[in-house]
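Chains as they are written, first to last, in my numbering: chain A, 19 to 430; chain B, 25 to 269. No residue lacks a Cβ here, since even glycine has one placed at the ideal position from N, Cα and C. Here the structure is laid out as structure tokens; the discussion comes afterwards.
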């Protein structure tokens, strides 16, 4: 009997026994649906991380000269301690690197720490206090909603002016305009000259809880020791120019630090790839946990299907006897029941795929997690569904194939 | 008279196309939990092409066992069974399945139709296992249904058919592969006497067209339709008589 014939027969049987088939599909259905939904979340966050999150945090074609990476997952203590022993990035380092960059780039200094911002009797806590130079806004793609950013002149002179993040402005001023009012940071008054457009959040992290002040403003002393910056931000016009600029910066820093050729850098040139590596570390954990969930549901699904198939073989003993008497060989009977069980599981997987895609769309609509369906997960879902069916069908089908036709025909 | 034909089959030098079934000292024992039951104790039988044979005997006489052996559903403990000059008593499972498919058409007491399949599909079943294509199957199955007078019932399911019609579907299924033997096990056991008569008319017509028929029955008036009656008792042939149809 050809395989196609076996499948046609299997689908007929499934259609004839809708309720029983429905129950036996459930396990595979859940397994495949959860596979697709979970995979879609990982996939979606992945894409989000590479396309948007990294760009938001770093900017396009931008690298940062830092003492240590901004994001790192699974770092051993020894490495962490070594990072902490590294020398800081000095104003003079940043100036020397900037001076050496001959290609057209935009640079900015940045130091930051968490702290409070006060206005009148109100306090905005846990705010990212950023001391940065004037082109920070351009590199970070922060557009000013009202007011203006500070100028190069204001930056160099360390004029106490502040540009607020949207959340800070809302917290301290509610509906009033914050412009020309004075907020206090570290006991010193800063005149508010601008508010940045609302940035929203990524993966639930708010992006609007910050204040930017000039790099030479008094707040610098709250954030870093004198003459030290956390990062020099360099934005190039293209990826190629960014790589060139990174080489120049590396050379300048190595010579300033007097590193011999066999010594490693004691600074990093961090790009958005760093964030992506960080995310890759997290997603690897998901990739380990996810198969567990899927495998458990598929195993349960397989056991259910095996039971249903054993019942089906018992109920249809007479039919099997008849088929054998009409010339069905063992392998024909085996194939028929394997096909039936594979078809059952595949139909379950198909429903699971629909549900998984639906779930993905739902997650997209109601949660901050960006999810997008991966075609590979759909293919894998079908393969695993059918595979579970075949494996679960082996035992019942071989029992059916071994039935003695005489005894089977005699059965009531 | 068995011996020369057997000798011819064994050596294979003289073709004897008119002998369809030849059994030689066929025995079958069952081991029923340590106790050996001798269902057949040496049955030697020859059935020629286009014979119409009824096998009779009380229950426990071994007629079902003989039927299963002739139908290649079972293998003998000892002895030989030649079907169309082929020794089938020592064939393996798959080879026997092929013989059942090509050479034997079964008709059962309880019809054994697939309840959810149409008459046409039921008749198609043996052709599926013979590996025929869908179009050819349909044409052959339709032709077999026409032969038993059910041309207008092809799309009906068994529960939409009368008992006699169901048995005729089963006969069509048995005939569809044009087997050497039509093997019927109490074919009228579940039918009233009028319908039984109809089925016997179908058998008589098929016999008239050259079909070899072996029928197990315990009813004398049914056996009376056959041209030859073999009676078994205690696993042996007790009588073997030809009679006027």
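Legend entry - Buried/exposed call for residue 210 (chain B), threshold 16 Cβ in 10 Å: Numbered from 1 along the second chain, position 186 holds the residue referred to as residue 210 (chain B). Its Cβ being crowded by 16 or more others within 10 Å, residue 210 (chain B) is buried.
Inset, instruction - Look up residue 28 (chain B) in the DSSP assignment and say whether it is helix, strand or coil. - result: Along the second chain, read from residue 1 onward, the residue named residue 28 (chain B) stands at position 4. It is helical.
Inset, instruction - Determine, using beta-carbon pairs with one atom in the region 384-400 of chain A and one in the region 27-37 of chain B, whether at least three such pairs fall under 8 Å. - result: no
Legend entry - Below-8 Å beta-carbon distance, residue 344 (chain A) vs any chain B residue: Start at 1 with the first residue of the first chain, and residue 344 (chain A) comes out as number 326. Interface residue, yes.
Legend entry - Members of the region 103-124 of chain B that neighbour chain A once the beta carbon cut-off is set at 7 Å: 117, 118, 121, 122, 124
Inset, instruction - Measuring only between beta-carbons, confirm whether residue 336 (chain A) sits less than 8 Å from chain B. - result: What you label residue 336 (chain A) is simply residue 318 of the first chain in a count that begins at 1. Output row for residue 336 (chain A): interface = yes.
Inset, instruction - Could you say which of B:229, B:258, B:262 lies nearest to residue 250 (chain B) if we only look at CA atoms? - result: Indexing the second chain from 1 puts residue 250 (chain B) at position 226. Answer by Cα proximity: B:229.
Inset, instruction - Work out the CA separation of residue 122 (chain B) and residue 421 (chain A) for me, nearest whole Å. - result: Within the first chain, the letter at position 403 stands for residue 421 (chain A). Within the second chain, the letter at position 98 stands for residue 122 (chain B). Distance between the alpha carbons of residue 421 (chain A) and residue 122 (chain B): 17 Å.
Inset, instruction - Ignore the nearest five residues each way along the sequence and tell me which others in residue 43 (chain A)'s own chain have a CB closer than 7 Å to its CB. - result: Locating residue 43 (chain A) in the first chain gives position 25, counting from the first residue. Excluding sequence neighbours, residue 43 (chain A) sits near 362, 365, 366, 369.
Inset, instruction - Would you kindly report the start and end of the unbroken beta strand (DSSP E) that includes residue 131 (chain B)? - result: To locate residue 131 (chain B), count along the second chain from 1; it is residue 107. From DSSP, the beta strand (DSSP E) with residue 131 (chain B) extends over 128-131.
Inset, instruction - May I have the straight-line CA-CA distance separating residue 122 (chain A) from residue 113 (chain A), to the nearest angstrom? - result: For this step, residue 122 (chain A) is matched to residue 104 along the first chain. For this step, residue 113 (chain A) is matched to residue 95 along the first chain. Residue 122 (chain A) and residue 113 (chain A): Cα-Cα distance of roughly 16 Å.
Inset, instruction - Kindly indicate if chain A contains any beta-carbon less than 8 Å away from that of residue 154 (chain B). - result: By one-based count along the second chain, residue 154 (chain B) stands at place 130. For residue 154 (chain B), the answer is yes, since a Cβ of chain A falls inside 8 Å of its Cβ.
Inset, instruction - Examine chain B for any beta-carbon lying closer than 8 Å to the beta-carbon of residue 390 (chain A), and answer yes or no. - result: As a working mapping, residue 390 (chain A) is identified with position 372 in the first chain. Closer than 8 Å: no.
Inset, instruction - Inspect the CB distances between the region 64-81 of chain B and the region 239-258 of chain B and report whether three or more fall short of 8 Å. - result: yes
Legend entry - Listed by chain order, chain A residues near residue 140 (chain B) by CB distance under 7 Å: Working through the second chain from its first residue, we reach residue 140 (chain B) at position 116. Neighbours of residue 140 (chain B) on chain A, chain order: 34.
Legend entry - Identity of the residues DSSP links to residue 231 (chain A) by a beta bridge: Here residue 231 (chain A) corresponds to residue number 213 of the first chain, with the count starting at 1. DSSP, once it has assigned bridges, lists A:149 as partnering residue 231 (chain A).
Inset, instruction - Only counting runs of 3 or more residues, tell me where the beta strand (DSSP E) segments fall wholly within the region 205-260 of chain A, in order along the chain. - result: 206-214, 228-232, 249-254
Inset, instruction - Note down, in chain order, every chain B residue with its Cβ under 7 Å from the Cβ of residue 340 (chain A). - result: For this step, residue 340 (chain A) is matched to residue 322 along the first chain. Per Cβ cutoff of 7 Å: 136.
Inset, instruction - Just grab the DSSP bridge partners of residue 90 (chain A) for me. - result: Position 72 of the first chain, counted from the start, is the residue given in the question as residue 90 (chain A). In the DSSP output, where bridge partners are listed per residue, residue 90 (chain A) has none listed.
Legend entry - Cβ of residue 130 (chain B) within 8 Å of any chain A Cβ: For the purposes of this step, residue 130 (chain B) is identified with residue 106 of the second chain, where counting begins at 1. Yes, residue 130 (chain B) counts as interfacial toward chain A.
Inset, instruction - Spell out whether any CB of chain A is found under 8 Å from the CB atom of residue 92 (chain B). - result: Locating residue 92 (chain B) in the second chain gives position 68, counting from the first residue. With a threshold of 8 Å between beta carbons, residue 92 (chain B) makes contact with chain A.
Inset, instruction - Compute the Euclidean distance between the alpha carbons of residue 390 (chain A) and residue 247 (chain A), then round it to the nearest angstrom. - result: Against the first chain, residue 390 (chain A) aligns to sequence position 372. Against the first chain, residue 247 (chain A) aligns to sequence position 229. Approximately 39 Å, taken between the alpha carbons.
Legend entry - Sheet register partners of residue 23 (chain B) (DSSP bridge): A question about residue 23 (chain B) goes unanswered here, because the residues of chain B that appear run from 25 up to 269.
Inset, instruction - Can you tell me which of B:108, B:75, B:62 puts its alpha carbon nearest to the alpha carbon of residue 47 (chain B)? - result: Position 23 of the second chain, counted from the start, is the residue given in the question as residue 47 (chain B). If we check each option's Cα against that of residue 47 (chain B), B:108 comes out closest.
Legend entry - Residues, ordered as in the chain, of the region 310-335 of chain A that lie near chain B by beta-carbon distance below 7 Å: none
Inset, instruction - Specify, as a first and last residue, the run of the beta strand (DSSP E) that residue 136 (chain A) falls within. - result: One-based indexing of the first chain puts residue 136 (chain A) at position 118. Residues 123-137.
Legend entry - 3-residue-minimum beta strand (DSSP E) runs that sit fully inside the region 167-229 of chain B, ordered along the chain: 205-209
Inset, instruction - Look at the alpha carbon of residue 99 (chain B) and the alpha carbon of residue 118 (chain B), and state the distance between them as a whole number of angstroms. - result: Stepping through the second chain from its first residue, residue 99 (chain B) is reached at position 75. Stepping through the second chain from its first residue, residue 118 (chain B) is reached at position 94. Answer to the nearest angstrom: the Cα atoms are 13 Å apart.
Inset, instruction - Over the uninterrupted alpha helix (DSSP H) stretch that includes residue 285 (chain A), give me the two end residues. - result: Working through the first chain from its first residue, we reach residue 285 (chain A) at position 267. Residue 285 (chain A) -> no alpha helix (DSSP H), and no H or E assigned at all.
Inset, instruction - Determine whether the Cβ of residue 417 (chain A) lies closer than 8 Å to any Cβ atom of chain B. - result: Translated into the one-based positions of the first chain, residue 417 (chain A) becomes position 399. It does not; no Cβ of chain B falls within 8 Å.
Inset, instruction - Could you please give the first and the last residue of the uninterrupted alpha helix (DSSP H) stretch that includes residue 264 (chain B)? - result: By one-based count along the second chain, residue 264 (chain B) stands at place 240. Not the alpha helix (DSSP H): residue 264 (chain B) falls in the beta strand (DSSP E), residues 260-266.
Legend entry - Extent of the continuous alpha helix (DSSP H) to which residue 62 (chain A) belongs: Walking along the first chain from the start, residue 62 (chain A) turns up at place 44. It spans 36-66 - the alpha helix (DSSP H) in which residue 62 (chain A) sits, taken as one unbroken run.
Inset, instruction - Would you mind listing the alpha helix (DSSP H) stretches within the region 307-392 of chain A that are 4+ residues and don't spill past its ends, in chain order? - result: 335-343, 348-384
Inset, instruction - For residue 140 (chain A), name the three-state secondary structure that DSSP assigns. - result: On the first chain, position 122 is the one that residue 140 (chain A) refers to. In the structure shown, residue 140 (chain A) sits in a strand (DSSP, three-state: E or B).
Legend entry - Contacts of residue 423 (chain A) in chain B (Cβ-Cβ under 7 Å): In the first chain, residue 423 (chain A) corresponds to position 405, counting from 1. Result: 97.
Inset, instruction - For residue 153 (chain B), verify whether its CB is less than 7 Å away from any heavy atom of the ligand FAD. - result: Among the components of this structure there are no ligands whatsoever, and the ligand FAD is therefore not found.
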